[in-house]
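For the record, the sequence lines run as chains A and B.
Just so we're on the same page, our numbering is the position in the first sequence counted from 1, plus 62.
Just so we're on the same page, our numbering is the position in the second sequence counted from 1, plus 26.
This report refers to the structure that appears directly beneath it.
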Amino acid sequence: MPKREGQKKTDAPRGAGATRDAGEAAVVRTSPFHARTAALNQVQLWSHWSNYLAAGRYQLSDKAEYFAVRNAAGIFDSSPLYKYRIGGPDAEAFLAGVLARDIWACPPGRAQYTCWLDDDGFVVEDGVVLHLPQSRPSVNEYLLTSAEPNLAWFADRVGRLDVRIDEVSDDMGTLALQGPRSRGLLAKLVPQAETLPYFGVTAGKIGGAAVTVSRTGFTGDLGYEIWVDAGDGLRVWDELWDAVQGHGVQQFGLDALNMLRIEAGMLELGADFDSSRYAFNDAHRSTPLELGWGWMFGDLKRDDRAFVGRRALEAEIAGKTSRWAMRGLVLDWQDYDQVYDEAGLIPPKDHTPVIGDSMLYEDAAGAGGAAASGGQGGSGVALGQAGYATSFMYSPMLQRHIAIARMRPDLAKPGTRVKLELTVDHHYEQVAAHVARLPLYNPERKTA
Amino acid sequence: MSTKKTPAKAAKKRGAPASTSLASAKASRAERTYDAIVVGGGHNGLVNGAYLAKAGLRTLILERRHLVGGAAITEELRPGFWFTTFSYALSLLRPQIVQDLELVKHGFMPLLMSSTFAPMENGDYLWLTQDHGQNLKEIARHSKRDADAYEQYGHDLSKVVQALKPLFDQAPPDLFSDDPEELLALTQLGRRFRSLDKRTLHNAVRLLTGSAADFLDDYFESEILKGYLASSSIIGTKVGPRSQGSGLVLLFHAMGEHDGEFGAWSFHKGGNGGFTQVLARAAQAFGAEIRLESPVAAVITKNGRATGVALTDGTEFYADTVVSALDPRHTFLELVDPRELPDDLVETVQRYRFQGTSSKVNFALDGLPRFPALPGREDVFRGFTNIGPSIDYLERAFDEGKYGWYSSRPYIDGAIQSTIDPDMAPPGRHVMSCFIQYTPYKLRESDWDAEQENLGDTVQRTLESFFPGFGDLVLQREVVTPLHIERTVGLSEGNIFAGEFFAPQMFFFRPAPGWSQYRTPIDGYYQCGSGTHPGGCVMGAPGKLAAERILKDRGKGRG
């Protein structure tokens, strides 16, 4: 284990947001927890995430980190996310107009997974918005996260409203504590965590530092995120680290996170969809319904918000014009093994996610009826194409190859049999798979 | 799983209780009538019962003890400390079983054993991890030459494993039958071997018949690497790494597959007891009924056909299919009357070699051991700790075993399982499972009741020599000798594979020539334990293949 003592000198917080070395032409930033995460990173491999150093893995086995999350708990540094603090008397009215999901249904102390659309009803981005617990009734503040910068997009839509939007990305650190043991361990520091509901938000203190705790995460497991001022980062890390010792908790990196989120059916910008803002054509755009977020709009009829993209969304619902349906895909293990066996290869079961389009075809002999129709799908879809997979992996928890996939709506019924195209020995092979609902891994404890 | 009573005594005919009317006696007989009865709720019995139930048979699994699992159980011997009393890791489990029995739905969770730490007697070590590049450099620290030899070895072994793997998933053809189906299967087997390249076929034969030491010497010069690799050539078997036949044991263990990686191991959540609980839930979900504390005294036969079983308390259950998940000695010599069987079979089973030679010593620890060369490093314990630093060390340990005593410096396959699954021990505390060899079932001029704690001391002393201060960490110790394995689990002479792995007891000949296809000479009486093909380890293949045979036979009978 790394020694903490020797690092104390260099640990001194350099003030909120000043994690970049002043006076140096540093090209990357480090998170408020970097002094600790760097000491834990045995492989010293880092990737760049929004210009921050982010660990892909901390130890030689990303799979060990993954299992720690599913069986005990893991700590993930998600500080590089973009974060916006949105306040002012009209904050709620503003968000009701720019976010597609109804923010009125998100009282203080609650969070929402949400998205924002363009006028044509295509998704600009997704993120989690926390409605921060009110310190005083007059204070109404939100914290919105996103993967990419969105300040201009939001600021341009403020109009006459009295709203303040501050980007606080560099001023805050975020730690995710995820996994079955997270509740009991976090409750040692923030007792309210014990009863905090799924997507609840509470204020607390860790090591004397004020923190916000939300029951959110990107792993599809029971889990929490801790939001802290950058200057308090190390203090909070140390308290948390001490609290989890002896419980099999491990820090985990982006590689394990990617596995976890695919099992959890959580989409990633740039992997499973793109922002409509920078797409050159509609093939690279998605509507929220096409991304499987129809559940966000269950009560559209009862809310009269004029939000960006509403008319297009309503038209899509009414006209059933969605081009795709977002689904999970589970490969037929026998067929998969057979394809490799016949090639004289050992069937690979690699947990490392493969990101990128893989084609799906109708199963000529497939069940489900829809396949027989052979109908043309949405724009530009070839005859016989059933859809495409975007994130593919072997899931150790499910003991199957799985994928996140977009299906032609007529082939999206769970159980529908399709063929996934794989490359074996430098040529294409088709492996049987069936369509399933997302998430493919969904433990009760996630929401319990 | 079974009892020591002779069938003749226990199977005494009993009528229905005198007080019940004929009608209720009939009703109660109907209630106690099943399509299939599995004797023994070890992992193969559970797999077999689950497959039979899945196929729609009304299936009863009878377990002698208060819990299922046989030798694959996890017990809380000290509050908060869970011990994998016997079997302690998972590797050879056939992946098809996970899928067919929908085990994921019932909690199947194979946690990764991510490394092997092999301390050396000079204070150095070999630490192999999930990182390929790191492994090669780590090996090069001991021998630069061995780094790429390790690659070649891995590749060659994988080729052999790939070639032989299908044999694990099908019953051996019957060498002694004229049935065209069997002849065809035999031809296909021949063709499979013909299709192998020369090197792979030759390697296969060298492994199947030769010694692990010879095979390893062709690749490596580093003692620690050879010691580590040779360790899997002795597990559960009374051979040393230099004995002919140890190659087969090495190959068998390399056949294991974890998430597609040959030779990789996992630790099931909650230990192998956690795994057998998953199996039990799966079997029950398919409709199988499991009765605990129901020791079977005998299989009831009538006119050369099995018709049911009798428990030691006299209760009878009826079925025209009875499956023994016990080892061949129990299956053929105790559950049925040997007089009902052909002499040559009885003779073969009497000669069948068990001679258990492995023990377990399990520890509850107050903290993680310390290895002087790596102070403060805890991650080296997130996998196996292999105490077998050279082929000489292993062979010397075997020397003592050969002459009827336990090794004064035994081979130890340790695993601090709480580092992988924190639910196994209270926070900051640990459980350590240690597989020990050699500890022969028959001790020269002594017995295991007398030597049990001395063995515990020997093991602890050995660990102390590699991890100074180890003894201070010990909160509790459990010593499980071959005798205790036999008494508790019922495995004859404590053999963990229900019969040794050596060529005359494998494939065509497991457990006996002509009886390798799960049938027995008694119609409707089948065998599905690890004493049948392919053999022991928590693999499930015998249970699965036996179920396939039973279902096929029943189909024929009906047709």
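Ideal placement from N, C-alpha and C gives every residue a C-beta, glycine not left out.
Note that the structure is predicted; figures quoted are calculated from it, not measured.
Environment of residue i [buried if 16+ CB atoms lie within 10 Å]
i	result
His488/A	exposed
Leu251/B	buried
Leu500/A	buried
Pro471/A	buried
Phe107/B	buried
His158/B	exposed
Ile576/B	buried
Val497/A	buried
Gly428/A	No answer about Gly428/A holds up, because its pLDDT of 49 lies below 50 and its placement is not dependable.
Ala280/B	buried
Arg507/A	exposed
Gln313/A	buried
Val90/A	exposed
Ala572/B	buried
Leu361/A	Correcting the residue identity first, residue 361/A is Asp in this sequence and not Leu. When all chains shown are included, Asp361/A counts as exposed.
Gly430/A	Here the model assigns Gly430/A a pLDDT of 44, short of 50, so the residue's position is not dependable, and the following value carries that caveat. Under this definition Gly430/A is a buried residue.
Thr509/A	exposed
Thr586/B	This structure gives no information on residue 586/B, because the portion of chain B shown stretches from 27 to 585.
Arg90/B	buried
Ser384/B	buried
Sheet register partners of residue i (DSSP bridge)
i	result
Thr257/A	BP columns for Thr257/A are empty, so no partner.
Arg172/A	His193/A, Gly262/A
His463/A	Tyr456/A
Met469/A	Ala387/A, Gly449/A
Trp153/B	Phe143/B
Val275/B	Bridge partners of Val275/B: none, in fact.
Asp549/B	Arg331/B
Thr278/A	In DSSP, Thr278/A forms no bridge with anything.
Leu331/A	Phe335/A
Tyr423/A	Gln447/A, Lys481/A
Val64/B	Ile87/B, Val349/B
Thr59/B	Tyr344/B
Ser109/A	Ala116/A
Nearest residue (CA-CA) to residue i, options the options
i	options	result
Leu482/A	Leu473/A, Val493/A, Lys475/A	Val493/A
Ser237/B	Val65/B, Ala256/B, Asn161/B	Ala256/B
Glu210/A	Gln196/A, Val190/A, Glu203/A	Val190/A
Phe241/B	Tyr378/B, Pro508/B, Met532/B, Tyr176/B	Tyr176/B
Pro354/B	Gln463/B, Ser384/B, Glu519/B	Glu519/B
Asp232/A	Asn113/A, Met421/A, Thr414/A	Asn113/A
Phe184/A	Thr257/A, Tyr146/A, Pro350/A, Ser109/A	Pro350/A
Gly477/A	Arg163/A, Gly235/A, Thr383/A, Asp394/A	Asp394/A
Leu285/A	Ala341/A, Ala265/A, Ile268/A, Ala238/A	According to the sequence displayed, residue 285/A carries Gly and not Leu. The shortest C-alpha separation from Gly285/A is found at Ala238/A.
Gln174/A	Pro195/A, Phe216/A, Leu206/A	Leu206/A
Asp392/B	Leu154/B, Thr383/B, Lys191/B, Thr445/B	Thr445/B
Gln376/B	Ser384/B, Thr383/B, Leu367/B	Leu367/B
Leu251/A	Asp334/A, Thr274/A, Asp365/A	Thr274/A
Met139/B	Phe293/B, Arg58/B, Leu162/B	Phe293/B
Ala306/B	Val65/B, Arg225/B, Gly71/B	Gly71/B
Presumed contact (8 Å Cβ cut-off) between residue i and residue j, rounded CB distance
i	j	result
Thr281/A	Val392/A	Rounded, the Cβ-Cβ distance is 20 Å, inconsistent with contact.
Ala56/B	Gly271/B	With a Cβ gap of about 51 Å, Ala56/B and Gly271/B do not count as contacting.
Leu276/B	Leu234/B	The pair is not a contact, with the Cβ atoms about 10 Å apart (cut-off 8 Å).
Asp317/A	Arg462/A	Not quite, the Cβ-Cβ distance comes to about 19 Å (not below 8 Å), so this is no contact.
Cys554/B	Leu118/B	Incorrect: roughly 16 Å between the Cβ atoms, too far for contact.
Thr302/B	His69/B	5 Å
Tyr456/A	Met421/A	Not confirmed; about 19 Å, so no contact.
Ala79/B	Phe343/B	Actually they are not in contact, since the Cβ atoms of Ala79/B and Phe343/B sit about 15 Å apart, beyond 8 Å.
Pro192/B	Phe492/B	Contact flag wrong, Cβ pair sits at about 40 Å.
Glu352/A	Arg385/A	6 Å
Could you tell me which whole alpha helix (DSSP H) segments of length 4 or greater appear in the stretch 112-194 of chain A? DSSP runs (the alpha helix (DSSP H)) wholly in the stretch 112-194 of chain A: 124-133, 153-160.
With a floor of 4 residues, list each alpha helix (DSSP H) that falls wholly inside the stretch 296-372 of chain B, ordered by position along the chain. Listed in chain order, the complete alpha helix (DSSP H) runs (minimum 4 residues) inside the stretch 296-372 of chain B are 297-311.
Can you check the stretch 348-409 of chain A for any beta strand (DSSP E) of at least 3 residues that lies completely inside it and give the ranges in chain order? Runs of beta strand (DSSP E) with 3 or more residues, each lying fully within the stretch 348-409 of chain A, are found at 387-393, listed in chain order.
Can you list, in chain order, the stretches of the alpha helix (DSSP H) that have 4 or more residues and sit fully within the stretch 198-249 of chain A? 213-217, 244-249
In chain order, what are the residue ranges of uninterrupted alpha helix (DSSP H) at least 4 long that sit wholly in the stretch 383-459 of chain B? 417-428
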